[in-house]
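K.L.:
For the sequence shown, my numbering begins at 21 and goes up steadily by one. All C-beta atoms, glycine included, are put in the ideal place defined by N, C-alpha and C. A single structure is presented below for examination.
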Amino acid sequence: VSTLGSANDAALSEFNAAASALAAQTSGSAIALAASLAGSGGSALVGYLPAGTGAVARTVQNKQRESVSVKDFGAVGNGVVDDTSAINAAWAYCDDSGISLFLPAGVYRVTATLTGKPILISGESGTRIVFDNFAGKNGITFQPATQVGAAGGLVGLELVAKSANGLTCVEMPKQADQYSTYYTRWVFKDLYCRGENRNLAAYSFCWDYGFAKWFRLSDCTGLSFENVTVQGQFDIILNPAGQFADCAVEMDAAAALLTARMKDVNFGTLHTAVLWGDRSFFSLANFDIIGTFRGIYQVATVVFNEPKIQHGNINAQDSGIYFNGAETIVIDDVTIRRHPSGWKGGSAVWYGIRALNASDLKIVQTSVQPDESAGAFTGVMTAMFLQTCSLASLSGNFVGPGNDVGIALDNCTGMALNSTISGQNAAADVLFNLINNTRITTIGAYELVSSFAGTVLQKDVTIVGAIQMLNKTPDLQGTGNINRDTTRVNGALDSKKWREITSATAQQRQVLTDVGAATNYELVTRSGVTVTQIEWRASAFKFNNGPTLTTSGATPEGSVTAPIGSIHFRTDSLVSPKFYVKETGTGNTGWIGK
Numbered sequence: 021v022s023t024l025g026s027a028n029d030a031a032l033s034e035f036n037a038a039a040s041a042l043a044a045q046t047s048g049s050a051i052a053l054a055a056s057l058a059g060s061g062g063s064a065l066v067g068y069l070p071a072g073t074g075a076v077a078r079t080v081q082n083k084q085r086e087s088v089s090v091k092d093f094g095a096v097g098n099g100v101v102d103d104t105s106a107i108n109a110a111w112a113y114c115d116d117s118g119i120s121l122f123l124p125a126g127v128y129r130v131t132a133t134l135t136g137k138p139i140l141i142s143g144e145s146g147t148r149i150v151f152d153n154f155a156g157k158n159g160i161t162f163q164p165a166t167q168v169g170a171a172g173g174l175v176g177l178e179l180v181a182k183s184a185n186g187l188t189c190v191e192m193p194k195q196a197d198q199y200s201t202y203y204t205r206w207v208f209k210d211l212y213c214r215g216e217n218r219n220l221a222a223y224s225f226c227w228d229y230g231f232a233k234w235f236r237l238s239d240c241t242g243l244s245f246e247n248v249t250v251q252g253q254f255d256i257i258l259n260p261a262g263q264f265a266d267c268a269v270e271m272d273a274a275a276a277l278l279t280a281r282m283k284d285v286n287f288g289t290l291h292t293a294v295l296w297g298d299r300s301f302f303s304l305a306n307f308d309i310i311g312t313f314r315g316i317y318q319v320a321t322v323v324f325n326e327p328k329i330q331h332g333n334i335n336a337q338d339s340g341i342y343f344n345g346a347e348t349i350v351i352d353d354v355t356i357r358r359h360p361s362g363w364k365g366g367s368a369v370w371y372g373i374r375a376l377n378a379s380d381l382k383i384v385q386t387s388v389q390p391d392e393s394a395g396a397f398t399g400v401m402t403a404m405f406l407q408t409c410s411l412a413s414l415s416g417n418f419v420g421p422g423n424d425v426g427i428a429l430d431n432c433t434g435m436a437l438n439s440t441i442s443g444q445n446a447a448a449d450v451l452f453n454l455i456n457n458t459r460i461t462t463i464g465a466y467e468l469v470s471s472f473a474g475t476v477l478q479k480d481v482t483i484v485g486a487i488q489m490l491n492k493t494p495d496l497q498g499t500g501n502i503n504r505d506t507t508r509v510n511g512a513l514d515s516k517k518w519r520e521i522t523s524a525t526a527q528q529r530q531v532l533t534d535v536g537a538a539t540n541y542e543l544v545t546r547s548g549v550t551v552t553q554i555e556w557r558a559s560a561f562k563f564n565n566g567p568t569l570t571t572s573g574a575t576p577e578g579s580v581t582a583p584i585g586s587i588h589f590r591t592d593s594l595v596s597p598k599f600y601v602k603e604t605g606t607g608n609t610g611w612i613g614k
């Protein structure tokens, strides 16, 4: 009977009519009880016994009020009716009570900001909140907590921007007492954020509308951000100037965001994926950042140390990761690329990782490989740029083709670079570029792709201290040649590079032009333990700083300056004599033909 009475108004009317008819034939007490159970207060009269051992019996009403449904306050969820007032009323009922707010499956259209104290707001498969025309407005604003240990957040919702771009979709209170007095905690999980319609003319996954910031994370003593997808409006194919600068997550605290633990997230088609703001301690793991202008980008002036960025992919047109002034940073197992379809205009420097004023920095097992298959970017591609950094370890990293500069160190000290692999293949490429008094640095083993044609180590004139460079041990069992290159960057044009090549039967020494063209100056060949030939190529040979040996196609008399005892051979075919000895004089005379 109570099931019939609570099903809907039609069933209730039908039940009341039946109860009235029955009341005329039976005792009034039974009918009165049935009517009470079927009425609005019936759930308070029905007992509920939980299954758990030691549980206390309570009413069905008490059980049902553990969570409040927005439909209990008049929300319709059909995507047409404005559900703003109903949701706000339900939220106000839950304020400071510890009761969570539930949105059953449906499309809840709202036209004004949803706001209230920190509570858990959850949905289920098919629950969507559509923010209709939110120009100049926030979507969901959590007010400051006024109870110690308050917890809030969103779980299992789809958040959709319609008709206009909004300000901030989900905003936590930026207020110091939320960290230092009330110790608030937050969870954001299983969320999908997007516009209403796909922009099919733009880069994949672009939507028509969004929010300038989808999430603003702020003061708290613990925040879990998990399995969240944000797809924005930014189009990497177009010039970034003038585009809507949307962002997936901004971290910014008045006292401390300690700490934001983000994992299993997917951010894309955004101007910036993560804005690293003031007083924010965070970790980011198992992530994908695709189709962005900037990946992880610091805007903080008050920086918290020890962030961890691990196991993820970043696809960014301006910079993959940028930070300034932080310490004890770990970047581990991250792949950073520049999308081949991205806008190619401008001439700025592209950075995979750009670190300024950092200490105790670890970049390990990270790959930086800009993809330029759809056209050339006119700016400089730099895989890793470190400026005024100290005590850093870079190990096991891959510098892919397309990087004009692999690892650049500017005024850095105490740097250890080891196990670097380079796939660079252009003549102008530089693997290690050291400038502005970079010092106390060791470059360990490195591997070069077979087509590497650039410069391994380049230093400017300010590098006066020794840079230890310990490359791989030659493979004496291998069949290939062993090459050893040295470079003096302060030499004149085409006067910097030297090469030594060892093969099974010969050893060559060469001078190289700046673009890598080689000329032998010494060639020694062997047969077993016998040296079969020594060839020197020079315009003159000097013995013990005295007599010289020279060759040319003309007589040396009047043209070749040499000390007494020097020898000259003419190389032309028609004139005799061919052999000359310098017998007198100190200048270019005194040569006697023999």
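Taking the C-alpha atoms as reference points, what is the distance between Y600 and I554?
P.N.:
Residue numbering aside, residue 600 sits at position 580 when the sequence shown is read from its first letter. Residue numbering aside, residue 554 sits at position 534 when the sequence shown is read from its first letter. Approximately 23 Å, taken between the alpha carbons.
K.L.:
With the cut-off set at 9 Å, would you say G176 and K209 are in Cβ contact?
P.N.:
Position 156 of the sequence shown, counted from the first residue, corresponds to residue 176. Position 189 of the sequence shown, counted from the first residue, corresponds to residue 209. The answer is yes: Cβ separation under 9 Å.
K.L.:
DSSP three-state label for A412, please.
P.N.:
As a working note, residue 412 is residue 392 in the sequence shown. Looking at A412 - three-state DSSP - the assignment turns out to be strand.
K.L.:
The beta strand (DSSP E) with A268 in it runs from where to where?
P.N.:
Here residue 268 refers to the residue found at position 248 of the sequence shown. Looking at the DSSP string, the run of the beta strand (DSSP E) that includes A268 is C267 to M271.
K.L.:
Return the CA-CA distance between G585 and K602, expressed in angstroms with no decimal places.
P.N.:
Counting from one through the sequence shown, the residue named residue 585 turns up at place 565. Counting from one through the sequence shown, the residue named residue 602 turns up at place 582. For G585 and K602, the distance between alpha carbons rounds to 5 Å.
K.L.:
Quick one: what does DSSP say T568 is sitting in, helix, strand or coil?
P.N.:
Here residue 568 corresponds to residue number 548 of the sequence shown, with the count starting at 1. If DSSP states are grouped into helix, strand and coil, T568 belongs with the strands.
K.L.:
Report the residue ranges of all beta strand (DSSP E) runs contained in full by the region 176 to 245; include only those spanning at least 3 residues, in chain order.
P.N.:
Fully enclosed beta strand (DSSP E) runs of 3 or longer: 186 to 191, 205 to 215 and 231 to 237.
K.L.:
Suppose contacts are defined by Cβ-Cβ distances below 9 Å. Is A320 in contact with F301 by that definition?
P.N.:
For the purposes of this step, residue 320 is taken as the residue at position 300 of the sequence shown. For the purposes of this step, residue 301 is taken as the residue at position 281 of the sequence shown. It is not a contact, given that the beta carbons lie outside the stated cut-off.
K.L.:
With S303 as the anchor, note down where its beta strand (DSSP E) starts and where it stops.
P.N.:
Here residue 303 corresponds to residue number 283 of the sequence shown, with the count starting at 1. Run containing S303: S300 to Q318, per the beta strand (DSSP E) assignment.
K.L.:
Looking only at C-alpha atoms, which of Q530, G607, T539 and D534 sits nearest to P567?
P.N.:
Counting from 1 along the sequence shown, the entry for residue 567 is found at position 547. It is G607 whose Cα lies nearest to the Cα of P567.
K.L.:
Quick one: grab the DSSP three-state call for A276.
P.N.:
Your numbering for residue 276 matches position 256 in the sequence shown. Looking at A276 - three-state DSSP - the assignment turns out to be coil, as it is neither helix nor strand.
K.L.:
Quick check: the Cα distance between V255 and S120, rounded to an integer number of angstroms?
P.N.:
Within the sequence shown, numbered from 1, the residue matching residue 255 stands at position 235. Within the sequence shown, numbered from 1, the residue matching residue 120 stands at position 100. The identity of residue 255 in the sequence shown is Asp, whereas the question assumes Val. Using only the alpha carbons, I get a separation of about 38 Å.
K.L.:
Could you name each continuous beta strand (DSSP E) segment of 3 residues or more that falls completely within the region 86 to 139, going from the start of the chain to the end?
P.N.:
Correct list: 87 to 89, 98 to 102, 120 to 122, 126 to 130 and 134 to 136.
K.L.:
Pull up the distance between the alpha-carbon of T591 and that of G548, whole angstroms please.
P.N.:
Against the sequence shown, residue 591 aligns to sequence position 571. Against the sequence shown, residue 548 aligns to sequence position 528. Rounded to whole angstroms, T591 to G548 spans 33 Å at the Cα level.
K.L.:
What separation, rounded to the nearest whole angstrom, lies between the Cα atoms of A109 and M192?
P.N.:
What you label residue 109 is simply residue 89 of the sequence shown in a count that begins at 1. What you label residue 192 is simply residue 172 of the sequence shown in a count that begins at 1. Taking the straight line joining both Cα atoms gives about 20 Å.
K.L.:
Would you grab the beta carbon distance between W111 and L140 for me? Rounded to a whole angstrom, and I think it's under 8 Å.
P.N.:
Start at 1 with the first residue of the sequence shown, and residue 111 comes out as number 91. Start at 1 with the first residue of the sequence shown, and residue 140 comes out as number 120. Not a contact, Cβ separation roughly 11 Å.
K.L.:
For I51, does the three-state DSSP call read helix, strand or coil?
P.N.:
Taking the sequence shown and counting its residues from 1, the one referred to as residue 51 is at position 31. I51: helix per DSSP, three-state reduction.
K.L.:
Return the CA-CA distance between F162 and V190, expressed in angstroms with no decimal places.
P.N.:
Locating residue 162 in the sequence shown gives position 142, counting from the first residue. Locating residue 190 in the sequence shown gives position 170, counting from the first residue. Those two C-alpha atoms are separated by around 8 Å.
K.L.:
Quick one: what's G172 bridged to in DSSP?
P.N.:
Taking the sequence shown and counting its residues from 1, the one referred to as residue 172 is at position 152. Per DSSP, W206.
K.L.:
In chain order, what residues of the same chain lie with their CB nearer than 6 Å to the CB of T482, ignoring the 5 residues before and after it?
P.N.:
Here residue 482 refers to the residue found at position 462 of the sequence shown. Excluding positions up to five away in sequence, the list reads N456 and N457.
K.L.:
Can you tell which of V535, T249, R281 and Y212 has its C-alpha closest to the C-alpha of N240?
P.N.:
Counting from 1 along the sequence shown, the entry for residue 240 is found at position 220. Going by the sequence as given, residue 240 is Cys instead of Asn. For the residues V535, T249, R281 and Y212, the minimum Cα distance to C240 belongs to R281.
K.L.:
Just to confirm, are A273 and F231 a CB contact at a threshold of 9 Å?
P.N.:
On the sequence shown, position 253 is the one that residue 273 refers to. On the sequence shown, position 211 is the one that residue 231 refers to. Not in contact: A273 and F231 (Cβ atoms no closer than 9 Å).
K.L.:
Using only the alpha-carbon positions, how far apart do Q527 and V544 sit?
P.N.:
Residue numbering aside, residue 527 sits at position 507 when the sequence shown is read from its first letter. Residue numbering aside, residue 544 sits at position 524 when the sequence shown is read from its first letter. If I take the Cα positions, the gap works out to 5 Å.
K.L.:
Going along the chain, which residues of its own chain have a beta-carbon closer than 7 Å to the beta-carbon of L42, five neighbours each way excluded?
P.N.:
Counting from 1 along the sequence shown, the entry for residue 42 is found at position 22. Caution applies to L42, whose pLDDT of 47 falls short of 50 and renders its modelled position unreliable; the model cannot decide the point.
K.L.:
Whose C-alpha, out of L594, V595 and F561, is nearest the C-alpha of P583?
P.N.:
Reading the sequence shown from its first residue, position 563 is the one you call residue 583. Checking every option, the nearest Cα to that of P583 belongs to F561.
K.L.:
List the whole-angstrom C-beta distance separating V285 from V248, where the pair is believed to meet the contact cut-off of C-beta under 8 Å.
P.N.:
Start at 1 with the first residue of the sequence shown, and residue 285 comes out as number 265. Start at 1 with the first residue of the sequence shown, and residue 248 comes out as number 228. Right, the Cβ-Cβ distance comes to about 5 Å (below 8 Å), so this counts as a contact.
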